[in-house]
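Asks: Structure incoming, see below.
There are 2 protein chains.
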Amino acid sequence: MSANSRLTIAAHALAWIGLYQRQGHEVATSEQIATSANTNPVVIRRLLGELRRAGLVESRRGVGAGWSLARELGSITLLDVYEAVEPGPLFAMHRTTPDQGCVVGYGIQPAMQGIYEGIEKTLRHELARVTLENVLRDVLAAPR
Amino acid sequence: MSANSRLTIAAHALAWIGLYQRQGHEVATSEQIATSANTNPVVIRRLLGELRRAGLVESRRGVGAGWSLARELGSITLLDVYEAVEPGPLFAMHRTTPDQGCVVGYGIQPAMQGIYEGIEKTLRHELARVTLENVLRDVLAAPR
DNA sequence: CCTGTTGCAACCTTCGCTGTTACGACTGCG
DNA sequence: CGCAGTCGTAACAGCGAAGGTTGCAACAGG
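In order, the protein sequence lines correspond to chains A and B.
Number 152 marks the last residue of the first sequence (the working numbering); no jumps.
Number 152 marks the last residue of the second sequence (the working numbering); no jumps.
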């Protein structure tokens, strides 16, 4: 599986903004978040842009610009973030249509589709159980 | 998420071999399976080679060579197949170490690790509930 | 010895993600 | 009004995973 770090980075960014705001700041810049995540500001802006389209964060332009949460950390779940940054399904079908003249080739796609749907439903349920508030709490609970 | 079709193709191959054997044949060739899956025989041999290392299938060489199941379809679960063909974890951490001087950068990885472990455990549990016997039954149940 | 098939290496292509540079758009401040 | 700081976004290179393809040695039965 092409291990994807998008969900991790997005959660990192949200937790960072949330903590920063609790420390009394209005907005966080992509530069600050990128430094914390050890990556490029454009990567952060791209990810946060997807989160903004999903209504999780807001951005301000001009002088004193930056990013702020559109919702409380406790009301944002990992499922919200997952759906905002991960486009496709977890498992894919064949890249080319299997032989429809073969019994297995004909029936395999509907069969797997049904199975995968059930699994993805469970995955979404698990992701929905974790809020960004939970994430930030775990982050701050890390032993020194 | 880079949607991966390896699990789908592996399940296809196993179901094909299982059905073929129930029709009285000894072994199935990668050529036959590749035709059904509409792909290249080498791709099938690579995948079946991983399943063989996991003890799910056996191969015979020489004239009349081919592949056969090492276990009953009913005793092979999608989890067995998943573990045989999918190497890495579902979600990845940052590609570079986050800023350890930052509270979030320091605590984010253990936090996400713990969350991801729980989710993967649930995923494995779901995959373990489906046997290849179930898959073949669903395949044959596809409406004409 | 001949034939059919696996085992496996080597290489190319495609694709998605990350990283980087560049630059226009926007907005508050002096 | 112009400057400065930041977002928004396009463009491109690099990388790694996966699939597709070719080629050939190894094997085993007739």
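Using N, Cα and C, we set each Cβ at its ideal position, and we do this for glycine too.
Could you give the DSSP three-state label for L64 of chain A: helix, strand or coil?
Replies: Numbered from its first residue, the first sequence carries residue 64 of chain A at position 56. Note: L64 of chain A maps to coil in three-state DSSP.
Asks: Ignoring anything shorter than 4 residues, give me the alpha helix (DSSP H) runs that lie fully in the region 17 to 88 of chain B, in order along the chain.
Replies: Those alpha helix (DSSP H) runs which fall completely within the region 17 to 88 of chain B and span 4+ residues are 38 to 45 and 49 to 61.
Asks: Can you confirm whether E80 of chain B, when its beta carbon is compared against all beta carbons of chain A, has any partner nearer than 8 Å?
Replies: On the second sequence, position 72 is the one that residue 80 of chain B refers to. So, not an interface residue.
Asks: Using a Cβ-Cβ distance under 8 Å, would I116 of chain B count as near chain A?
Replies: Counting from 1 along the second sequence, the entry for residue 116 of chain B is found at position 108. It does; some Cβ of chain A falls within 8 Å.
Asks: Verify the CB distance criterion: does V24 of chain B have a CB-CB separation below 8 Å to chain A?
Replies: Locating residue 24 of chain B in the second sequence gives position 16, where the first residue counts as 1. The identity of residue 24 of chain B in the sequence shown is Trp, whereas the question assumes Val. Taking Cβ atoms only, chain A reaches closer than 8 Å to W24 of chain B, which makes this a yes.
Asks: Since I believe V93 of chain B is in contact with L22 of chain B (beta carbons under 8 Å), could you give me their beta-carbon distance rounded to a whole number of angstroms?
Replies: As a working note, residue 22 of chain B is residue 14 in the second sequence. As a working note, residue 93 of chain B is residue 85 in the second sequence. Not really, about 11 Å apart at Cβ, beyond 8 Å.
Asks: What does the alpha-carbon distance come out to for the pair V114 of chain A and V147 of chain B?
Replies: Translated into positions along the first sequence, residue 114 of chain A becomes position 106. Translated into positions along the second sequence, residue 147 of chain B becomes position 139. Per the sequence presented here, residue 114 of chain A reads as Tyr, with Val not at that position. Answer to the nearest angstrom: the Cα atoms are 8 Å apart.
Asks: State yes or no: is the beta carbon of N46 of chain A nearer than 8 Å to at least one beta carbon in chain B?
Replies: Position 38 of the first sequence, counted from the start, is the residue given in the question as residue 46 of chain A. Yes, its Cβ sits closer than 8 Å to a Cβ of chain B.
Asks: Per DSSP, what kind of secondary structure is T130 of chain A in: helix, strand or coil?
Replies: Here residue 130 of chain A refers to the residue found at position 122 of the first sequence. Helix at T130 of chain A.
Asks: Between T153 of chain B and chain A, is the shortest Cβ-Cβ distance under 8 Å, so that the two count as touching?
Replies: As shown, chain B starts at 9 and ends at 152. That puts residue 153 of chain B outside it, with no answer to give.
Asks: To the nearest angstrom, how far is it from the Cα of I52 of chain A to the Cα of S83 of chain B?
Replies: Numbered from its first residue, the first sequence carries residue 52 of chain A at position 44. Numbered from its first residue, the second sequence carries residue 83 of chain B at position 75. If I take the Cα positions, the gap works out to 46 Å.
Asks: Using DSSP's beta-bridge definition, name the partner residues of N12 of chain A.
Replies: For the purposes of this step, residue 12 of chain A is identified with residue 4 of the first sequence, where counting begins at 1. Bridge partners of N12 of chain A: B:F99.
Asks: Counting only the same chain and skipping the five closest in sequence on each side, list residues whose C-beta sits under 6 Å from that of R132 of chain B.
Replies: Within the second sequence, residue 132 of chain B is the residue found at index 124, counting from 1. If we look at R132 of chain B and ignore the five residues flanking it on each side, its Cβ neighbours are L87.
Asks: For the alpha helix (DSSP H) holding R145 of chain A, just list the boundary residues, first then last.
Replies: Reading the first sequence from its first residue, position 137 is the one you call residue 145 of chain A. Unbroken alpha helix (DSSP H) run through R145 of chain A: L140 to L148.
Asks: Helix or strand or just coil, what does DSSP make of G109 of chain A?
Replies: The sequence position of residue 109 of chain A within the first sequence is 101, counting from 1. G109 of chain A: coil per DSSP, three-state reduction.
Asks: Any beta carbon of chain A sitting closer than 8 Å to that of E39 of chain B?
Replies: Here residue 39 of chain B corresponds to residue number 31 of the second sequence, with the count starting at 1. It does not: the Cβ of E39 of chain B has no partner Cβ on chain A nearer than 8 Å.
Asks: Is A100 of chain A closer than 8 Å to G74 of chain A when the C-beta atoms are compared?
Replies: Taking the first sequence and counting its residues from 1, the one referred to as residue 74 of chain A is at position 66. Taking the first sequence and counting its residues from 1, the one referred to as residue 100 of chain A is at position 92. No, they are not a contact pair.
Asks: So what's E94 of chain B in DSSP terms, helix, strand or just coil?
Replies: In the second sequence, counting from the first residue as 1, residue 94 of chain B sits at position 86. Residue state, collapsed to three classes: coil.
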